[in-house]
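Right, one structure below, let's go through it.
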Amino acid sequence: IQIIRAEIGANGPISFARFMELALYHPDRGYYASGRANIGRRGDFFTSVSVGPLFGKLLAAQFVEIWEKLGRPGDFEIVEQGAHDGVFAADALRALRQSAGECFAATSYCIVEPFPIWQERQEKNLHEFAEKTSWVASIDE
């Protein structure tokens, strides 16, 4: 709150977009940037990923369909932005490995993650797929 108040004090009113940017992504105090985000059934909120691996399995089937429609390329990159702790990526890659070996072999998985604390958590959850995963800090990379 002090950071938001300080910005308003120094520059006057701020937009809602700027307010949310500071509240969620400020490098030290932001909800996501600080690593304090508590997502899951017992957290602040939950997502499709929070309820189990089914979401990853369903989207893995979609990834296979897209890969096939593209002509089964030898290099197939999946890019995820906002990967939280990497559980979805792990679920999807496991499903590909189990049910679509050719697609899995062609797949690489890139996570757009600007916050080191979340990349560390993602790396832990994706350790079995280390050769398939990579990270960039910005979608521009």
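Per the working numbering, residue 188 is the first one in the sequence shown, and the count goes up by one each step. Quick reminder that beta carbons are idealized off the backbone N, C-alpha and C, glycines included.
Comparing C-alpha positions only, which one of S321, Y218, D278 sits nearest to G230?
Out of S321, Y218, D278, Y218 has the C-alpha closest to the C-alpha of G230.
Which residue wins for smallest C-alpha separation from E267, given the options S325, I226, V251, W254?
Considering only alpha carbons, the answer is S325.
What distance in whole Å lies between the Cβ atoms of Q309 and A247, which are believed to be in contact at a cut-off of 8 Å?
Actually they do not touch by this definition, with Cβ atoms about 18 Å apart.
Between F250, E307, E264, which has its C-alpha nearest L283's C-alpha?
The option with the nearest alpha carbon to L283 is F250.
Can the beta-carbon of V236 be found closer than 7 Å to that of F291?
No.
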